[in-house]
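Asks:
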Amino acid sequence: FVYFRSECACRAMSMSAGSMHRTGSGSRMSVRVSTQRSERLHQGTGQLIEQTTAPPIWPVVLLSGLHYSSMAMAMMIWINVCRMANPVAFVPSEDGEIRVDSETQTLYSRLLVMNAVCEFMTSQLVGGLSDQYGRKLLAISAQLGQVVDYFTAGLALAPIWFEYVQTPTFLVTPSLFFCRGLAGLLGNVRIAMGAYIADISTPAECSARLAFSGAAMTIG
Numbered sequence: 002f003v004y005f006r007s008e009c010a011c012r013a014m015s016m017s018a019g020s021m022h023r024t025g026s027g028s029r030m031s032v033r034v035s036t037q038r039s040e041r042l043h044q045g046t047g048q049l050i051e052q053t054t055a056p057p058i059w060p061v062v063l064l065s066g067l068h069y070s071s072m073a074m075a076m077m078i079w080i081n082v083c084r085m086a087n088p089v090a091f092v093p094s095e096d097g098e099i100r101v102d103s104e105t106q107t108l109y110s111r112l113l114v115m116n117a118v119c120e121f122m123t124s125q126l127v128g129g130l131s132d133q134y135g136r137k138l139l140a141i142s143a144q145l146g147q148v149v150d151y152f153t154a155g156l157a158l159a160p161i162w163f164e165y166v167q168t169p170t171f172l173v174t175p176s177l178f179f180c181r182g183l184a185g186l187l188g189n190v191r192i193a194m195g196a197y198i199a200d201i202s203t204p205a206e207c208s209a210r211l212a213f214s215g216a217a218m219t220i221g
């Protein structure tokens, strides 16, 4: 997250300053802004006064891959989470194999739907919020939502939580729905990632970098 700084705000200020020429004691300054760098040049001599290079793209690609790889690994344990919510979840079949009870399958499907619906509800707002509050806040909030979600899943898999804290069993299922919904509301990280890549890329580089980030998500 070191590279998620306010590049958009800096460029917007530089562009607005570039549209106004400042005159004073015979010197004029102009600002030239590009998507790759922000340079402050003296118009008379062309001497470079200030230069800010754009941050690299690899932290965004790494974060995208890790985010979606954690989601893929979490899906492997959600069946066990649903089993803890429904104690009679695994029943032996006639051929001796262990199969998942239909109630557990239903609960697992509902949790997936809860996450998808909440993510869809906020998908139309993330773009405006990231423009107003920055890409960094949206990216961090998505990770915090996942932390709460996975932490609750870990508690559901820990019998010691019910033995010592005396948590009622009927509270497990609502807490799972709440955390899955929270992760969905805060889980639109790819929108903030795409906006950030567009901010630091030239039009010629933007498509390739977005495809590279999408490939990292798919691999993850």
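Residue 185 in this note's numbering sits at position 184 of the sequence shown; the count goes up by one each step and never skips.
Idealized CB from N, CA, C, for every residue including glycine.
Note that the structure is predicted; figures quoted are calculated from it, not measured.
1. Starting from Ser202, follow the alpha helix (DSSP H) in both directions and report where the run begins and ends.
2. Leaving out the 5 sequence neighbours to the left and right, which residues in its chain are closer than 7 angstroms to Leu211 when beta-carbon positions are compared?
3. Quick one: what does DSSP say Ser226 is sitting in, helix, strand or coil?
4. In three-state DSSP terms, what is Leu126?
5. Output needed for Val127: all residues of its chain with C-beta closer than 8 angstroms, excluding positions within five of it in sequence on either side, in chain order.
6. Among Leu130, Ile220 and Asn81, which residue has its Cα nearest to the Cα of Tyr109?
7. Which residue from Leu186, Leu187 and Ala154 puts its Cα closest to that of Pro175?
8. Counting only the same chain and skipping the five closest in sequence on each side, list residues whose C-beta sits under 7 angstroms from that of Ser142.
9. Quick one: what does DSSP say Pro60 is sitting in, helix, strand or coil?
10. In whole angstroms, give me the CA-to-CA distance for Leu113 and Trp59.
11. Report the option in Leu130, Phe179, Thr107 and Ala216 whose CA atom is closest to the CA atom of Gly146.
Replies: This is what the structure holds:
1. Ser202 -> no alpha helix (DSSP H), and no H or E assigned at all.
2. Cβ neighbours of Leu211 beyond the five flanking positions: Gly195 and Ile198.
3. Given a span of 2 to 221 for the chain in the structure shown, any question on residue 226 remains unanswerable.
4. coil
5. Leu139, Asn189, Ile192 and Ala193
6. Asn81
7. Ala154
8. Leu187
9. helix
10. Roughly 30 angstroms separates the two Cα atoms.
11. Phe179
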